[in-house]
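Accompanying notes for the structure given below.
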Ligand code: IVH
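What follows is the structure, encoded as structure tokens:
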């Protein structure tokens, strides 16, 4: 990232959006976050603030307006009847008190009044929505992007904690129960022991394994793994529910769901805070992983009154436990060359146990961080690991210095190719922007030492190897291209890539498609079968989706989500190749930085030539079906118009109606405004219909709506 792109608020907002999108993607799609929740929140907070200062910068698809993640491929996508929102995070007593104060103000409570809260454990698992119709479990879905998730009903049916049938009181029909699927630590370890015995790689941690297991296509494999679930919330429901959340949890228990026993009713925020202190320690003795507590307003009518922002309900917050820290000694620093040439310092340490794993390596991020920490080889360091994030060095324990420590030798040359490493001076505009940022933060008394340090640098934070032919970069690019979430080339492990590049058989991703079996057989370690497997794996990748192909190219700032958005919008590779910056930024979810990066990538003749050669060798991503499908369904009566559904429809549910509208290119929102195109009013429509008439918005009754749908269906 060249920092001159940050010189305007627009560019900074775009940059933040892309970073947030990227981390959302890692968190929700790959279940492999790279930064802590706290760091993520800091990015999000900066964007929120920027958007508040410059409201014009706010886009409807900004991550401040929706929770992260988008549905995965391989399962049917389902639209949640009620969105599955995120939770706001808090990190200390002060933030909890601020939240309580906001709640009391919104509810119009006096100084002497208190709010009752329920404190629950925040289970570190995977959120699911279970739909019961007439007492039968009919649909189970992942959270996905909060609006749409994957239908994983068959996998969820294998979990003993999930009842297949529940009691139906009176005339009720629908109850949606939400909860967290997780592994107990002992079960997870037993699973890993079995894998080790069978010669399989062990799984990294319970949460990611639970997420991965729910996405398996074969339910019998899921059934063999002892997943569990705790129920803690309600989605759509016409059940007569109790007046308080605490009683609701009891009701779930009575219906046969597993509800966590460690729930507590607190009379005030003071009791909640006492509870958080208690759990900081006690949580380590629990048989499953937690990453905090969830605090909920007990009265359900108050919950409703407090409402929600676009992202999260106001009546609940998460309280995140502090990250686990450990102490170790830095024995060396390794320099890693990434696929874009960025060189990252990695701390090699004496092994230390942290959050259930043994840590030997931790990131030192970049030169700025290295200088800020002032770390030397031989130093005692504090290492932090929250959840499953890459551990990082947070501080040097200076009191333990002996005088024997030595300065870290910063390489002048690339450890892989020997090219002179560059660390460019920052653009003067960027330095100027940072000065303004310092002034602004000082004024708000919001400038910690680390941020000040970062903002006063005059050099780019990263060392860079500018040699595109650098073997380390070549290997990283191929690894990225072949990865599971990109072209998914079976049999192309990192070691194999090294063999191929060392032998000079492969220097670009296109060379993979020119590989011949006899050449492989001459390499050490290849036998008839392994060579054939690799050739087959490469062959099979030729028709991977356009989204995977675009992601696999490794264009800076183009993550999985961005690639998917672009593939859906343009449909074919040729259309993407012909797109200019304006067309790219037109795509929902693609900002200026991503667009500029793609344009720059495609402006290089060698990149165009690379794509041409890939195609000559038979790589041809098929047209993106969702684009074709949308085109086939696009309907002028609906396309680009905003619809509001109100009242009851006879022929279909709201969810179905919404899907039909969206299929035809329309949008559905909840409230009527001047921007509304059409209000579809079923039986017993009320205030929304009145408002539409008042504003002169077009209204349809159900028959007109059905006729409009039919026109296209016929
Ligand atoms: S209530 C608006 N209760 O934490 C979301 N969530 O970081 C309502 N989680 O998406 C959820 N334990 O997956 C709730 N006792 C609990 C929870 C819990 C874990 C998860 C849930 C949510 C995530 C937010």
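Numbering (our numbering), first residue to last: 76 to 789. Every residue, glycine too, gets a C-beta built ideally from N, C-alpha and C.
- Per DSSP, the continuous beta strand (DSSP E) segment holding residue 774 begins and ends at 773-776.
- The distance from the Cβ of residue 165 to that of residue 392 is about 5 Å, consistent with a contact at the 8 Å cut-off.
- Counting along the chain, residue 447 sits inside the alpha helix (DSSP H) bounded by residues 442-448.
- When Cβ pairs closer than 8 Å are counted between the two stretches, the region 377-387 is seen not to touch the region 348-359, the count staying below three.
- With three or more CB-CB distances shorter than 8 Å, the region 404-420 counts as touching the region 533-551.
- Counting along the chain, residue 352 sits inside the alpha helix (DSSP H) bounded by residues 344-357.
- If only complete runs of 3 or more residues are kept, the region 429-513 shows the beta strand (DSSP E) at 432-438, 455-460, 467-471, in order along the chain.
- Bounds of any beta strand (DSSP E) do not take in residue 643; it lies within the alpha helix (DSSP H) bounded by 635-645.
- A distance below 9 Å separates the beta carbons of residue 370 and residue 394.
- Non-local C-beta neighbours of residue 226 in its own chain, meaning closer than 7 Å and more than five positions away in sequence, comprise 150, 151, 153, 214, 216, ordered along the chain.
- Judged by the Cβ position, residue 335 qualifies as a neighbour of the ligand IVH at the 8 Å threshold, a heavy atom of the ligand being closer than this.
- Under the DSSP definition of a beta bridge, residue 779 lacks any partner.
- Residue 403: not part of any alpha helix (DSSP H); member of the beta strand (DSSP E) spanning 399-412, first to last residue.
- Looking at the backbone, the Cα of residue 132 and that of residue 668 are separated by about 14 Å.
- Here the C-alpha atom of residue 575 lies approximately 10 Å from the C-alpha atom of residue 569.
- In its chain, beyond the 5 residues on either side, 638, 639, 642 have a beta carbon closer than 6 Å to the beta carbon of residue 622.
- With a threshold of 16 other beta carbon atoms within 10 Å, residue 525 falls short and is exposed.
- If you look at residue 139, you'll find it isn't in any beta strand (DSSP E); DSSP assigns it neither H nor E.
- Residue range 163-165 is occupied by the beta strand (DSSP E) that includes residue 164.
- The closest heavy atom of the ligand IVH lies 8 Å or more from the beta carbon of residue 401.
- Cβ-Cβ distances below 6 Å link residue 116 to 164 in the same chain, with the five nearest sequence neighbours on each side left out; the list follows chain order.
- Between residue 457 and residue 284, the alpha-carbon positions lie close to 28 Å from each other.
- Put simply, the backbone Cα of residue 717 is about 30 Å away from that of residue 87.
- In the DSSP assignment, the residues bridged to residue 370 are 194, 392.
- Non-local C-beta neighbours of residue 96 in its own chain, meaning closer than 8 Å and more than five positions away in sequence, comprise 138, 143, 634, 636, 637, 664, ordered along the chain.
- Relative to the non-hydrogen atoms of the ligand IVH, the Cβ of residue 304 never comes closer than 8 Å to any of them.
- A heavy atom of the ligand IVH is found nearer than 8 Å to the CB of residue 201.
- In this structure, residue 193 sits near residue 338, with a CB-CB distance shorter than 9 Å.
- Proximity of the region 599-616 to the region 701-720 falls short of the contact definition, fewer than three beta-carbon pairs being nearer than 8 Å.
- Proximity to the ligand IVH was defined by a C-beta distance below 5 Å to any of its heavy atoms, and the residues meeting it, in sequence along the chain, are 160, 162, 195, 197, 198, 202, 255, 307, 308, 369.
- For residue 598, the closest C-alpha among the options 571, 190, 447, 203 is that of 571.
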